[in-house]
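*Asks:*
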Amino acid sequence: MTSFNHDYQELMKESSRMTLFDLRKLNASLPVPSVPKSSIEVLVVGANDDFIVDSEGLRETGKFYGVSPVCIEGVAHDMMLDCSWEKGAEVILSWLNGLNKQHLI
1 MTSFNHDYQE
11 LMKESSRMTL
21 FDLRKLNASL
31 PVPSVPKSSI
41 EVLVVGANDD
51 FIVDSEGLRE
61 TGKFYGVSPV
71 CIEGVAHDMM
81 LDCSWEKGAE
91 VILSWLNGLN
101 KQHLI
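Letter 18 of the sequence shown, counting from 1, is numbered 18 in the UniProt record's numbering, and no numbers are missing.
1. Pull up the distance between the alpha-carbon of Leu93 and that of Pro31, whole angstroms please.
2. If you run the structure through DSSP and keep just helix, strand and coil, what is Val42?
3. May I ask you to list the residues that DSSP assigns as paired with Ala89?
4. Using only alpha-carbon positions, find the residue among Lys63, Val53 and Phe64 that is nearest to Ile72.
5. Would you say Val44 and Leu58 are within 8 angstroms of each other, going by their C-beta atoms?
6. Name the DSSP bridge partner or partners of Cys83?
7. Looking at the ligand ZN, does it come within less than 7 angstroms of Ser94, judged from the CB to the closest heavy atom?
8. Considering Glu60, what are the terminal residues of the alpha helix (DSSP H) in which it resides?
9. Over the uninterrupted beta strand (DSSP E) stretch that includes Val70, give me the two end residues.
As structure tokens, this is what we get:
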């Protein structure tokens, strides 16, 4: 391995330990009103292997919108780009089909 590659890999290792964006600090500094109940349905979906939005962030988002969040096992943050993207697509499709049934009644 060349010295450049080694140096680059060391920098990548070090930077991957750093937090990308601390949403908790941001939320603590901003006054956020609750969302008024509306006729718009909301699906909150997260991923079990998400290193950007953790399970607490997923729960907080669900609570904010007044819905139960869905956590999908075995996919990462950008689940639509994940090799197991079908898991997320199936959850979304099932949710959409449920909306269709509600509106047909």
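Beta carbons are placed, not taken as given, at the ideal position from N, Cα and C, and that holds for glycine.
*Replies:* Working from what's here:
1. Counted from its first residue, the sequence shown places residue 93 at position 93. Counted from its first residue, the sequence shown places residue 31 at position 31. Leu93 and Pro31: Cα-Cα distance of roughly 34 angstroms.
2. As a position in the sequence shown, residue 42 is number 42, starting the count at 1. Val42 falls in the coil class under three-state DSSP.
3. Here the question's residue 89 lines up with position 89 in the sequence shown. Residue pairing by DSSP places Ala89 opposite no residue, since no beta bridge is assigned to it.
4. In the sequence shown, the residue the question calls residue 72 occupies position 72. If we check each option's Cα against that of Ile72, Val53 comes out closest.
5. Sequence index remark: in the sequence shown, residue 44 carries index 44 (1-based). Sequence index remark: in the sequence shown, residue 58 carries index 58 (1-based). Result yes, Cβ atoms of Val44 and Leu58 sit closer than 8 angstroms.
6. Along the sequence shown, one-based indexing puts residue 83 at 83. Looking at the DSSP assignment, Cys83 forms no beta bridge with any residue, so it has no partner.
7. Ligands displayed in this structure: none; no statement on the ligand ZN is therefore possible.
8. Taking the first residue of the sequence shown as 1, we reach residue 60 at position 60. Its alpha helix (DSSP H) spans residues Ser55 to Tyr65.
9. Here residue 70 is taken as the residue at index 70 of the sequence shown, counted from 1. Note, Val70: beta strand (DSSP E), Val70 to Ile72.
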